[in-house]
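Participant:
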Amino acid sequence: MDASEKNDVQVLLEQTVEQLNGLESGFSREISSLNELKDRFLTGRFHLAVLGQFKRGKSTLLNALLGQAVLPTAVVPLTAIPTFIQAGQEFSAKVLFEDKKPPAEYTASDSNKLVDFLLKYVAETNNPANQLNVRQVEVYHPAEILRNGVVLIDTPGIGSTYKHNTEATLNFLPQCDAAMFLVSADPPITEVEIEFLKQVRRKIPKLFFILNKVDYLNEQEKEEILSFVKKVISEQVGVEKETDIFCVSARLGLQARENNNSGLWNNSGLDKVETYLIDFLANKKTEALRQAVRKKAADILTDVLMQVHLSVKSLQMPLEDLEKRLKIFGEKLAELERSKLSEMDILEGDKKRTHEFLEEHSEQLRQKSRTYLKGVAEETFSKLEPEQLNEDTIENSLAEAIPGFFEHEMGKSTEIFQDKMRQVLGPHRERLNKLIGSIRQTAAELFDIPYQQVQTVQDFEVEKRPYWVSHQWARSFQRIPRGMFDKLLPSGFRKSQLTKRAMEQINELVTQNVENLRWAVYQNIDKSFIRFRSELQGRFEQTLIATRGAIDAALKKRKEHSEQITGELIRLDSARITLEEIKEAFISKNQRRST
Ligand SMILES: Nc1nc2c(ncn2[C@@H]2O[C@H](COP(=O)(O)OP(=O)(O)OP(=O)(O)O)[C@@H](O)[C@H]2O)c(=O)[nH]1
Ligand SMILES: [Mg+2]
6 MDASEKNDVQ VLLEQTVEQL NGLESGFSRE ISSLNELKDR FLTGRFHLAV
56 LGQFKRGKST LLNALLGQAV LPTAVVPLTA IPTFIQAGQE FSAKVLFEDK
106 KPPAEYTASD SNKLVDFLLK YVAETNNPAN QLNVRQVEVY HPAEILRNGV
156 VLIDTPGIGS TYKHNTEATL NFLPQCDAAM FLVSADPPIT EVEIEFLKQV
206 RRKIPKLFFI LNKVDYLNEQ EKEEILSFVK KVISEQVGVE KETDIFCVSA
256 RLGLQARENN NSGLWNNSGL DKVETYLIDF LANKKTEALR QAVRKKAADI
306 LTDVLMQVHL SVKSLQMPLE DLEKRLKIFG EKLAELERSK LSEMDILEGD
356 KKRTHEFLEE HSEQLRQKSR TYLKGVAEET FSKLEPEQLN EDTIENSLAE
406 AIPGFFEHEM GKSTEIFQDK MRQVLGPHRE RLNKLIGSIR QTAAELFDIP
456 YQQVQTVQDF EVEKRPYWVS HQWARSFQRI PRGMFDKLLP SGFRKSQLTK
506 RAMEQINELV TQNVENLRWA VYQNIDKSFI RFRSELQGRF EQTLIATRGA
556 IDAALKKRKE HSEQITGELI RLDSARITLE EIKEAFISKN QRRST
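Sequential numbering of the sequence shown, starting at 6, is according to our numbering.
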C-alpha cells in the first residue's frame with residue numbers, strides 16, 4: 006500500500022464526517038465513531054515482541070534498532086519485566102504499579118540515566134520476583150522504526166533459573182501480534198528453546214527468526230550453525246524449511262549506530278532486519294487495519310443511509326399513509342423490545358452459571374495446588390538431614406516454587422475463561438445481530454427502501470493496549486508457630502510436629518493464592534458481561550434512533566413546517582447520493598478517489 010492509499014481512507018473518513026455535519030439529523034454518535042476510527046487508523050498499535058532464551062541479546066538487539074543503549078543489558082539474566090517501547094517526541098519512561106502508588110516517571114535526554122532508571126524496575130537483581138509490584142513499564146522514543154504505530158516489546162528471557170520470568174513471558178504471548186525469535190551460536194539451540202518455540206508458534210501469528218552474535222563466528226561456522234538451526238526448527242517444530250533466518254551481530258549494530266558508521270551497520274546484518282521490519286510494518290500491518298476500518302466505516306454508513314432513506318420516504322409519503330405505517334412499525338417494535346428483555350434475562354443467568362463454573366474451577370485448583378505444594382515440601386523433607394530441617398528450609402523451597410506454579414495456572418485459567426466467555430457470549434451476539442437485523446428489515450419493508458445487513462467487525466472492536474500483569478503471590482508463612490524447644494525434642498517427634506505445621510501453612514498459602522487468582526478471573530468475567538450488556542443496549546437504542554427516530558422526526562416536520570419540506574428533501578437526497586458514493590469507495594478494495 007502506498008502513501009496515497011493510506012491517505013485515501015483518511016480522506017474518505019473526513020469526507021463522511023463533513024457530510025454528516027451538514028445534515029441536521031443529529032448524527033453526533035456516528036461522527037464520533039468515525040473520528041475514533043480515524044484516530045485508530047492513524048495510530049494503529051501493533052505489538053512486536055523480541056523473544057528468546059535468556060542472554061541471547063534481546064535487549065541489545067532492540068537498542069541497536071533504536072539507535073542507542075536505552076534498555077539495560079548484562080551478562081547475567083536480567084530483564085524481568087516486559088518493557089513496551091513506543092513512539093514519542095522525546096525520550097521518556099513511565100513505570101506503573103499494581104497498587105495505588107503513583108507512577109514513576111523519567112524525562113531527560115541522557116540515555117545513560119534512562120538505563121539506570123529502568124534498571125531499578127526491570128532488572129531481576131534490583132526487583133527480584135517483582136517485589137516492587139510493577140504492573141507495566143513504558144518507554145517513549147523518537148526512533149524512526151517506531152513511527153508506524155508499532156510497539157516493540159523487550160521480554161524476560163526464558164529458561165533461566167528464574168522460573169517466574171519464563172511463566173510471565175509465556176502468559177504474555179497471546180497479546181503479541183508478531184515476534185522476532187532470537188537464537189545465537191553458543192549453544193546453537195537448546196531443548197528449552199524448542200519447547201518454547203512450539204508454544205510461541207501456536208500463539209503468535211507472525212514470526213521472524215534471527216541468529217545473533219555472529220561476530221563470534223567465521224563464514225564457515227556461520228553456515229554450519231545456520232543449517233543446523235534450520236534443520237532443528239523444521240524437523241522438531243514444523244517451521245517451513247525455506248524460512249529465512251537473519252544473521253546479525255546486535256553488538257556491532259549498536260556500535261555502528263552509536264558511531265554513525267553505516268558500513269559497520271551493513272556488516273552487522275541489522276540493515277536487512279530493519280528494512281524488512283519497516284516494510285512489513287508499513288504494508289502488512291496497515292493493510293490489515295485498513296481493511297477493518299473500511300469495513301467498519303461502510304457499516305456505519307449503512308446505518309446512516311438507512312436513516313436518510315427513511316427520512317426522505319417519510320417526507321414524501323402522504324401523511325395518512327405515513328401515520329398508518331408508523332403504527333404498524335410501533336407494534337412490531339414492542340414485540341422486539343420483549344425479545345430484548347428476555348435476552349437480558351438469559352444473559353443474567355449465563356453470568357451466574359459462569360460464576361458457578363469459576364467456583365468449581367477454584368476448588369479443583371485448590372486441590373491441585375495442595376497436592377503440588379505438599380510434594381515440594383515432602384521432597385525437601387526427604388533431601389535434608391533431620392538436623393537441617395526447620396520452618397525456614399521448607400518455607401524457602403515453597404517460596405521458590407510458588408510464583409512459577411501460580412503464574413502458569415493464572416495463564417491457563419485466563420485462557421479457559423476466555424474460551425468460556427466466547428462460548429457463552431457467541432450465541433448472544435448472534436441473537437443480538439438477528440434482533441437488530443429484524444428491526445431494520447421491518448422498517449425497510451414497511452417503507453420500501455433497500456435493506457442491507459450489517460455484520461460487525463468483532464476482532465477489531467477489542468481495543469488493544471499493551472498490558473502485562475505480574476501477579477503477587479503469597480510465598481511466606483503467615484504466622485510463625487516455631488516450636489521454641491523443637492531442638493530438644495526427639496528427632497522423630499520433631500519431624501512429625503514440623504510436618505503438621507508445614508501442612509497447615511501450605512493450606513493457608515493455597516487459600517490465599519487461589520483466592521488472588523479467583524478474584525482476578527471473577528473481575529474479568531464481570532467486566533466482559535457488563536461490556537456486552539451495554540453493547541446490547543447501545544446497539545438496540547442506536548437502531549431505534551436510526552429507524553423510528555428518523556420517521557418520528559419526519560412526521561413532526563410534516564406537521565409543523567410543511568413549507569420547508571421541499572428544501573429539506575433536496576438536501577437529504579443530495580447527501581444520500583454522496584454518502585452512497587463514499588460507501589462504495591469504502592467497500593471497493595482498490596478504489597482510489599481523487600479529491
Ligand atoms: N559478542 C556479542 N555479544 C552480544 C551480542 N548481542 C548481545 N551480546 C551480549 O550478550 C549479553 C546479553 O545481552 P542482553 O541484551 O542483555 O541479552 P537478553 O537476551 O536481553 O538477556 P535477558 O534479558 O537476561 O533475557 C550481553 O553481555 C551483551 O553484550 C552480539 O551480537 N555479539
Ligand atoms: Mg534483556
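C-beta: ideal position from N, C-alpha, C; glycine also.
The structure presented is a predicted model; accordingly, all values stated were derived computationally and were not measured.
Is LYS63 near ligand 2 - that is, is its Cβ less than 8 Å away from at least one heavy atom of it?
Facilitator: yes
Participant: Heavy atom of ligand 2 less than 8 Å from the Cβ of THR84, yes or no?
Facilitator: yes
Participant: Got a sec: does ligand 2 put a non-hydrogen atom nearer than 8 Å to the Cβ of THR78?
Facilitator: yes
Participant: Can you give the beta carbon distance from LEU601 to ILE238, rounded, assuming they're within the 8 Å contact cut?
Facilitator: Since the first residue shown for the chain is 6 and the last is 600, residue 601 is missing from the structure and cannot be characterised.
Participant: State the Cα-Cα distance for the pair LYS564 and LEU42, rounded to the nearest angstrom.
Facilitator: Looking at the backbone, the Cα of LYS564 and that of LEU42 are separated by about 38 Å.
Participant: DSSP puts HIS146 in a beta bridge; with which residues?
Facilitator: ALA92
Participant: What does the alpha-carbon distance come out to for the pair PRO161 and ALA293?
Facilitator: 29 Å
Participant: GLY57 bridges to which residues according to DSSP?
Facilitator: LEU187
Participant: Secondary structure at GLU245, three-state DSSP: helix, strand or coil?
Facilitator: DSSP, reduced to helix, strand and coil, places GLU245 outside both helices and strands of the structure shown, so it counts as coil.
Participant: Which residues does DSSP pair with GLU110 in a beta bridge?
Facilitator: LYS99
Participant: Taking the straight line between their C-alpha atoms, what separation do you get for GLN528 and LEU363?
Facilitator: 11 Å
Participant: To the nearest angstrom, how far is the alpha carbon of LEU137 from that of ASN68?
Facilitator: 25 Å
Participant: In the DSSP assignment, the beta strand (DSSP E) including PHE251 goes from what residue to what residue?
Facilitator: Where PHE251 is concerned, the enclosing beta strand (DSSP E) stretches over 250-252.
Participant: What's the C-alpha gap between ILE215 and PHE251?
Facilitator: When rounded, the distance between both Cα atoms is 5 Å.
Participant: Once DSSP output is grouped into helix, strand and coil, what is the label at VAL156?
Facilitator: strand
Participant: Scan the region 158-182 and note each continuous alpha helix (DSSP H) run of 4 residues or more that stays entirely inside, going in chain order.
Facilitator: Runs of the alpha helix (DSSP H) inside the region 158-182: 168-177.
Participant: Which whole-angstrom value describes the C-beta separation of LEU71 and HIS146, a residue pair presumed to lie in contact below a C-beta threshold of 8 Å?
Facilitator: Rounded, the Cβ-Cβ distance is 6 Å, consistent with contact.
Participant: Helix, strand or coil for ALA128? Go by DSSP, reduced to three states.
Facilitator: strand
Participant: Shorter than 8 Å, the distance from the beta carbon of TYR221 to the closest heavy atom of ligand 1, or not?
Facilitator: Look at TYR221: its beta carbon is less than 8 Å from one of the heavy atoms in ligand 1.
Participant: So ASN266 is in the beta strand (DSSP E); what residue range does that whole segment cover?
Facilitator: Run containing ASN266: none; DSSP gives neither H nor E here.
Participant: With DSSP as the reference, please indicate the residues paired to LEU216 in a beta bridge.
Facilitator: According to the DSSP secondary-structure assignment, LEU216 is paired through a beta bridge with VAL188 and CYS252.
Participant: So which of ASP308, GLU420, LEU352 and GLN569 has the shortest CA-CA distance to ILE454?
Facilitator: ASP308
Participant: Please name the residue in PHE285, HIS360, ALA507 and THR65 whose C-alpha comes closest to that of ASP397.
Facilitator: It is ALA507 whose Cα lies nearest to the Cα of ASP397.
Participant: With a threshold of 16 other CB atoms inside 10 Å of the CB of ARG445, please say whether the residue is buried or exposed.
Facilitator: buried
Participant: Is ASP159 close to ligand 2? I mean its beta-carbon at under 8 Å from any heavy atom of the ligand.
Facilitator: yes
Participant: Could you check the C-alpha separation between LEU584 and LEU310 for me, to the nearest Å?
Facilitator: 7 Å
Participant: In the DSSP assignment, find the alpha helix (DSSP H) that holds TYR221 and state where it starts and stops.
Facilitator: Unbroken run through TYR221: none, as it is neither H nor E.
Participant: Can you determine whether any heavy atom of ligand 3 sits closer than 8 Å to the C-beta of GLY258, and answer yes or no?
Facilitator: Ligand 3 is absent from the structure shown, which contains only ligand 1 and ligand 2.
Participant: Cβ of GLY164 versus every heavy atom of ligand 2: is any distance shorter than 8 Å?
Facilitator: no
Participant: Under 8 Å: do the region 537-547 and the region 426-440 share three or more Cβ pairs, one atom per stretch?
Facilitator: yes
Participant: Short of 6 Å in beta carbon distance, which residues of its chain neighbour PHE465, apart from the five on each side in sequence? Order them along the chain.
Facilitator: Confidence in PHE465 is poor, its pLDDT being 43 and thus under 50, which makes the residue's placement unreliable; the coordinate value appears in the next sentence. The residues are ALA297.
Participant: Given a threshold of 16 other Cβ atoms within 10 Å of its Cβ, counted over all protein chains shown, does TYR126 qualify as buried or as exposed?
Facilitator: buried
Participant: Check whether the Cβ of GLU58 lies closer than 8 Å to any heavy atom of ligand 1, and answer yes or no.
Facilitator: For the sequence presented, residue 58 should be read as Gln rather than Glu. Yes - ligand 1 has a heavy atom lying nearer than 8 Å to the Cβ of GLN58.
Participant: Less than 9 Å separating the beta-carbons of VAL526 and SER374?
Facilitator: no
Participant: Is ARG427 helix, strand or coil by DSSP?
Facilitator: ARG427: helix per DSSP, three-state reduction.
Participant: Which residues bound the alpha helix (DSSP H) around THR65?
Facilitator: 63-71
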